[in-house]
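Colleague: Below: one structure in C-alpha cells.
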Amino acid sequence: MAIMNVSLPDPLRNWVQERIDAGDYASASDYVQDLIQRDRTEAEQHETMIAMLEAAEKSGVSPRSVQDIFESVVEKMAGRESA
1 MAIMNVSLPD PLRNWVQERI DAGDYASASD YVQDLIQRDR TEAEQHETMI
51 AMLEAAEKSG VSPRSVQDIF ESVVEKMAGR ESA
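Now the structure itself:
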C-alpha cells in the first residue's frame with residue numbers, strides 16, 4: 001500500500017479526530033479511504049446517470065401515453081415489493 005501525506009487546516013484535522021474519537025473510524029487513513037471510495041462510487045453513479053440520460057434522449061419520444069408509462073412503472077414496483 002502506498003503512503004500519502006495530506007496537509008489539513010486545523011478545523012478539518014479536528015473534525016477527522018472527532019470522527020475517530022466517536023468510533024466512526026479507526027484512524028485518519030480509514031476515514032480518508034472511506035471518503036475516497038464514496039467519491040469514486042458517486043462519480044461512477046454520475047457517469048451512469050449521464051449515459052442513461054443520453055440514451056434516453058437519443059431514443060426519442062415514446063408513442064406511449066404518460067399514463068401508460070406511469071402504470072407500467074407502478075406494476076414493476078409492485079412486482080419488486082412482492083418478491
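Quick note on full-length UniProt numbering: the sequence shown kicks off at 1 and runs consecutively.
Every residue, glycine too, gets a C-beta built ideally from N, C-alpha and C.
Going by DSSP in three states, P63 sits in which element: helix, strand or coil?
Modeller: Stepping through the sequence shown from its first residue, residue 63 is reached at position 63. If DSSP states are grouped into helix, strand and coil, P63 belongs with coil.
Colleague: Check for me: the alpha helix (DSSP H) holding V16 runs from which residue to which?
Modeller: Here residue 16 refers to the residue found at position 16 when the sequence shown is read from its first residue. V16 -> alpha helix (DSSP H) spans D10 to D21.
Colleague: Can you tell me whether I3 is helix, strand or coil according to DSSP?
Modeller: The residue labelled residue 3 in the question sits at position 3 within the sequence shown. Residue state, collapsed to three classes: coil.
Colleague: How about I69 and S62: do their beta carbons lie closer than 8 Å?
Modeller: Position 69 of the sequence shown, counting from 1, holds the residue named residue 69. Position 62 of the sequence shown, counting from 1, holds the residue named residue 62. Yes, Cβ-Cβ distance for I69 and S62 is below 8 Å.
Colleague: Would DSSP call A26 helix, strand or coil?
Modeller: Against the sequence shown, residue 26 aligns to sequence position 26. In this structure, A26 counts as coil in the three-state DSSP scheme.
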